[in-house]
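Numbering-wise (UniProt numbering), the sequence shown opens with residue 27 and increments by one.
Notes follow once the structure below has been shown.
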Amino acid sequence: AHHFAIVPAAGSGSRMGTERPKQYLPLLGRPLIHHTLAVLCGSPHIDKVFVVLSIDDREWSRHDWSALGEKLVPLFCGGATRADSVLGGLRAIGAEVAQSDWILVHDAARPCLAAWHIDKLVRELAHEKVGGLLAVPVADTLKRADDYHRVAATVPRDSLWQAQTPQMFRYIMLRRALENASQVTDEASAMEAAGLSPRLVQGDTTNLKVTYPLDLHLAEWILQNREG
Ligand code: CTP
Ligand code: MG
């Protein structure tokens, strides 16, 4: 089976609070999403990288993506939610992929994805039927709150993981799961709603999602200290 990446990049970045969507904010001299796409396009595991952009995207065409090579394909079919954007991408590539091909869905807003993250995910899931996702064990003690913000319970954290991306599933299973799911924030939840059990592959916290302004500084630090 082949491996394809779908990169949802049609969000507005409301929590970042900037005018420009966060995927286009400058990070070490290039758009944030350029870092994300460079790692995916550079991976020998991945055959093509489909970027899902908003139909109203005004930024994509202003930048030069030629350094990323031939694997990159922009699709202007973003939806109202992340799940809609991913499903739009899956529908758009239907004629190009086989039903059993692997799809790696990766957030545009995770620019610190490393080659080893992809290697490990692909290697550990190669013989899985369902697929799975990168994740990290929860580090903090977790409290469930009541309506008055008083602690109702301490949730044992030993079996809790934080979901990341890439999330890797077979094309047809993922498409069906997303078509039947409502209100999911990641692909794994759609698979779970279909009664399937995705496998967790341990990554690390450097693969952070840029959500708030501080995250952009953290991402810059991570990339700078990785590239030496
Ligand atoms: N995304 C998308 N289509 C949407 C919403 C989100 O493709 N309708 C993408 C974002 O561009 C991002 C990824 O999904 O790469 C993760 O979503 P998130 O971090 O929530 O980004 P935004 O929705 O843009 O940010 P916010 O929730 O703060 O508005
Ligand atoms: Mg969002």
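Ideal Cβ placement from N, Cα and C applies to all residues, glycine included.
Model, not experiment: these values are computed from the prediction.
The alpha-carbon of Asp-127 is positioned some 45 Å away from that of Ala-178. Inclusion of Gly-37 in the 7 Å shell around the ligand MG follows from its C-beta lying nearer than that to a non-hydrogen atom of the ligand. Trp-142 carries a helical assignment under DSSP once its states are collapsed to helix, strand and coil. Not a single heavy atom of the ligand CTP lies less than 7 Å from the C-beta of Thr-232.
For Ala-203, the closest C-alpha among the options Ser-223, Lys-169, Lys-48 and Ser-185 is that of Ser-223.
In the structure shown, the three-state DSSP call for Ala-135 is coil. Taking 7 Å as the cut-off, one finds at least one heavy atom of the ligand CTP near enough to the beta carbon of Ser-111.
In terms of Cα proximity to Gly-37, the closest of Thr-211, Arg-225 and Arg-201 is Thr-211. Setting aside the 5 residues that flank it on each side, Ala-216 is surrounded in the same chain by Ala-203, Leu-204, Ala-207 and Val-210, each with a C-beta closer than 6 Å to its C-beta; the list follows chain order.
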